[in-house]
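Okay, so here's the structure we're looking at.
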Amino acid sequence: MNLLANPLRCVKDFGIWRGILVQLWRVMCIIPLVSYVSATYWNIQQRENILECFFAFSVVFGFMFSIVRGWLLNMYERELDELRAFFNDRSYEQQNEWVHRQRSRFYRRWCWIMSVCMLLVATNLGIFMGTNWNKPIFNLQYRGVIVRSVPVKIVFKFFSGNISFAFLLTSGTMYLVLKLFRMEFTILTRTLKTSLDEKTFSTFTEIFRLLALLQYHGTLILTSCLCLYCLYQQFSLDVVIFVPFCVYLLCDTLLISISIDDLNDLNQDIGYIVYSLYWPATIDLAHRGLPKHQLKSVRRTILIVMQHSQQPLRFGYGEFGSLSRQRFADMVQNIYSLLTFMWQFK
């Protein structure tokens, strides 16, 4: 997933032959990006069709958007391992039948969702190769000269279409972690016999801070560029593949925004439950049979839960890049305003 990873570490982790194959795959994914950057620069330098230059920039930005998301997830590999260990810990409520049923249902549903998404990615790749077979930007070229070899065109378009797989992989990872946290919050809200520690919260927010920032502004820029291209091209064979891609980007951001809002709702529910308990009497009774250092631990846990429940789980830097249903609505409104403004100059 990370096209910018250290090749020596790749060989060390996967072995010599598998590492070489992984590196070959990464190089083949980088070649289309280099070709798109070269084509964009050549078109701008030669003052070719401005619309084609604008479209080429959109393609390059989409590739970079996907690569940076994969790089960010790999940069937080250690934190993701910590979250994975937390999610795989079945010691909490292990004998509870309802908890076991909820977790099993989630994993079964997730396997079905990923299977359907992989089928859609394969279908999208086939449509992409068919509808853009003769489009210059999606062919290997150097200084405006297109390589006409059929095998080269097939391989080039196949690895160009892998951008959809990269989007699915990174979006699936983000959405899976959010839904897993929501499930554990639901279990915690129902049972309230333990709490997520502060380290787990900080790890979770650290990973999604940059990803949420990139997700919001990347989707805004890329969707606006593709919508403008479709607006000027009208409905033709050239825009068939880009309309569903724009819909996918918007749905991807919407699902992540809904998941974050659901987490905030459950976070507030936990706070209400904690506030409703009569803690003075509970601590007073516990003081008779517990050591003082254990009471400090209980008090610290209560304060952590109350502190986190009083503020929403923000991902981003303030309002800059944060995700929520309201922020998603603002993004769609900005895209619509841009399209209506540009329509007047068509």
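Count the sequence shown with the UniProt record's numbering and you get residues 1 to 346, in order.
C-beta atoms are modelled at their ideal positions from N, C-alpha and C, and glycine is treated no differently.
(request) Find out if the Cβ-Cβ distance for the pair F181, L72 is shorter than 8 Å. (result) no
(message) If I follow the unbroken alpha helix (DSSP H) through R105, where does it start and stop?
(response) E97 to T131
(request) Would you tell me roughly how many angstroms separate the C-alpha atoms of residue 347 and D81, rounded to the nearest one? (result) As shown, the chain starts at 1 and ends at 346. That puts residue 347 outside it, with no answer to give.
(request) Determine, using beta carbons only, whether residue 357 and I137 come nearer to each other than 8 Å. (result) Outside the displayed range of the chain (1 to 346) lies residue 357, so it cannot be described from this structure.
(message) N134 and residue 390 - do their beta-carbons sit closer together than 8 Å?
(response) Summary: the structure shown does not reach residue 390, with the chain confined to residues 1 through 346, and so no result is reported for it.
(request) Inspect the CB distances between the region 108-118 and the region 163-180 and report whether three or more fall short of 8 Å. (result) yes
(message) Out of M174, Y41 and L323, which one is the CA nearest neighbour of E77?
(response) M174
(request) Would you mind sorting G126 into buried or exposed? The rule is 16 or more other CB atoms within 10 Å of its CB. (result) exposed
(request) Have a look at L24, R26, S58 and W25 and flag the residue whose alpha-carbon is nearest the alpha-carbon of T40. (result) S58
(request) Run the CB neighbour count on F341, radius 10 Å, all protein chains shown included, and call it buried at 16 or more, exposed below. (result) exposed
(request) Out of I113, G218 and D265, point me to the one whose CA is closest to I335's CA. (result) G218
(request) Sort V332, Y216, V247 and Q333 by Cα distance to R69 and report the nearest one. (result) Y216
(message) Let me confirm a value: D252 is counted as buried when at least 16 other C-beta atoms fall within 10 Å, else exposed. Which label applies?
(response) buried
(request) Could you tell me the distance, in whole angstroms, from the CA atom of S195 to the CA atom of Y248? (result) Because the pLDDT at S195 is just 48, under 50, the model does not fix this residue reliably, and the value given afterwards should be weighed accordingly. If you take the alpha carbons of S195 and Y248, they lie about 35 Å apart.
(request) Taking N139 as part of the alpha helix (DSSP H), name the residues at either end of that continuous run. (result) No alpha helix (DSSP H) contains N139, which DSSP labels as neither H nor E.
(message) Tell me which residues share the same chain as D261 and place their Cβ nearer than 8 Å to its Cβ, disregarding the 5 neighbours each side in the sequence.
(response) S324 and R325
(message) Rounded to whole angstroms, what is the Cα-Cα separation between G130 and K153?
(response) 11 Å
(message) Suppose contacts are defined by Cβ-Cβ distances below 8 Å. Is E52 in contact with E206 by that definition?
(response) no
(request) Would you grab the beta carbon distance between L250 and V177 for me? Rounded to a whole angstrom, and I think it's under 8 Å. (result) In fact, because the Cβ distance is near 21 Å, the residues do not count as touching under 8 Å.
(request) Please determine, among V155, L214 and L339, the residue with the shortest C-alpha to C-alpha distance to V27. (result) V155
(message) Could you check whether N43 and A56 sit closer than 8 Å to each other, using their CB atoms as the reference points?
(response) yes
(request) Measure from the alpha carbon of F87 to the alpha carbon of each residue in L339, S337 and M183, then state which is nearest. (result) M183
(message) DSSP has I31 in a bridge; who is on the other side?
(response) DSSP, once it has assigned bridges, lists no residue as partnering I31.
(message) If you follow the alpha helix (DSSP H) that Y336 is in, where does it begin and where does it stop?
(response) R325 to W343
(request) Note down the Cα distance separating F159 from L24, rounded to an integer number of angstroms. (result) 12 Å
(request) Return the CA-CA distance between W343 and Y229, expressed in angstroms with no decimal places. (result) 11 Å
(message) Using C-beta distances below 6 Å, list every residue in its chain close to L338, excluding the 5 sequence neighbours before and after it, in chain order.
(response) S224
(message) Taking a contact to mean a Cβ-Cβ separation below 8 Å, would you say K157 touches S259 in this structure?
(response) no
(request) Using 10 angstroms around the beta-carbon of I16, count the other beta-carbons present and answer buried if the total reaches 16, otherwise exposed. (result) exposed
(request) Rank L255, A329 and Q141 by C-alpha distance to the C-alpha of V37 and give the top, closest one. (result) Q141
(message) Between the alpha carbons of V240 and V145, how many angstroms are there, rounded?
(response) 26 Å
(message) Here's the rule I'm using: 16 or more other beta-carbon atoms within 10 Å means buried, otherwise exposed. How should V99 be labelled?
(response) buried
(request) Taking only the alpha-carbon atoms, compute the straight-line gap between A122 and I187 and give it to the nearest angstrom. (result) 36 Å
(request) State the Cα-Cα distance for the pair F54 and S322, rounded to the nearest angstrom. (result) 28 Å
(message) Less than 6 Å between C-beta atoms, sequence neighbours within five positions excluded: which residues of the same chain meet that for N132?
(response) F138
(request) Provide the residue span of the alpha helix (DSSP H) that contains R84, from first to last. (result) E77 to F87
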